[in-house]
Amino acid sequence: MKTLSLYKIKKSRHMPDEILIDQLCKCCWVKCPFCSAVCTNTIEDHSPDDHSVPFHRPSGINGWHSKGTVEMSINFCTTNVASNGSFYPHYDSETTFPYKQYRLAGPEYANWRITPDDSKLAYWKWFVCRFQKQLEDYYKKEFQGRGAIPSEWHSITKDQAIQSLDEMCE
Ligand SMILES: [Zn+2]
Ligand SMILES: [Zn+2]
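So the sequence shown is numbered by full-length UniProt numbering: it starts at 1 and just counts up by one.
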């Protein structure tokens, strides 16, 4: 055994990080163009299946805001695509696009299946409240006006937030 150097161990088997990278890199890593949630499909190139994620996030987490204002976006993608609102597909777009037709807004939108519904994971409500200041400082925007955090979000406890993640995984 005394000749078994760390070097030899390293040579003889895959290191844990290599195994993880090998496994994880075969997943899809495409992010939702609105909230940046990562597609949960376990196959890297799964076309023609759409990208999807069980729970989207408030798009303010990804820096979305009302153009020309400091108002962060507080809405979940699932709420937005059910609404009659519209958005600027790119930061330099001059015209808006209806949320209901988001798939036509460009290649990064075309292959995402965002179900218009009212699903809002408690975890992300708690997250926005907990890290409000950090998000505001990072993006130099504010959760105010149209982007005001609904008051009931503040009553979500950390335990409830974690529990919502557990329920999602069941
Ligand atoms: Zn999203
Ligand atoms: Zn995907």
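Beta carbons: idealized from backbone N, C-alpha and C, even for Gly. All of these numbers come straight from a predicted model, not from anything done at the bench.
Original post:
Pairing CB atoms from the region 88–98 with CB atoms from the region 68–75, are three or more of them under 8 Å?
Top reply: no
**OP:** Pick out whichever of R103, D117, P54 and Y99 has its Cα sitting closest to the Cα of residue 184.
**Re:** The question about residue 184 has no answer, for the chain in this structure spans 1 to 170.
Original post:
Is Y99 closer than 7 Å to N80 when the C-beta atoms are compared?
Top reply: yes
Original post:
Which class does residue 171 belong to by DSSP, given the choice of helix, strand or coil?
Top reply: Outside the modelled stretch of the chain, which goes from 1 to 170, sits residue 171, for which no answer is possible.
Subject >> Check your reading: residues with Cβ closer than 6 Å to ligand 2 heavy atoms >> reply: C28, V30, C39, N41, H46 and H51
Subject >> Residues of its chain near P54, where Cβ-Cβ distance is below 7 Å and the 5 sequence neighbours each way are ignored >> reply: T40 and M168
Original post:
Is it buried or exposed for R57, if we count other Cβ within 10 angstroms and need 16 for buried?
Top reply: buried
**OP:** With DSSP as the reference, please indicate the residues paired to F55 in a beta bridge.
**Re:** Partner(s): none; F55 has no beta bridge.
Original post:
Where do the N-terminal and C-terminal ends of the alpha helix (DSSP H) with M72 fall, by residue?
Top reply: Element bounds for M72: n/a, residue is neither H nor E.
Original post:
To the nearest angstrom, how far is it from the Cα of T42 to the Cα of T157?
Top reply: 31 Å
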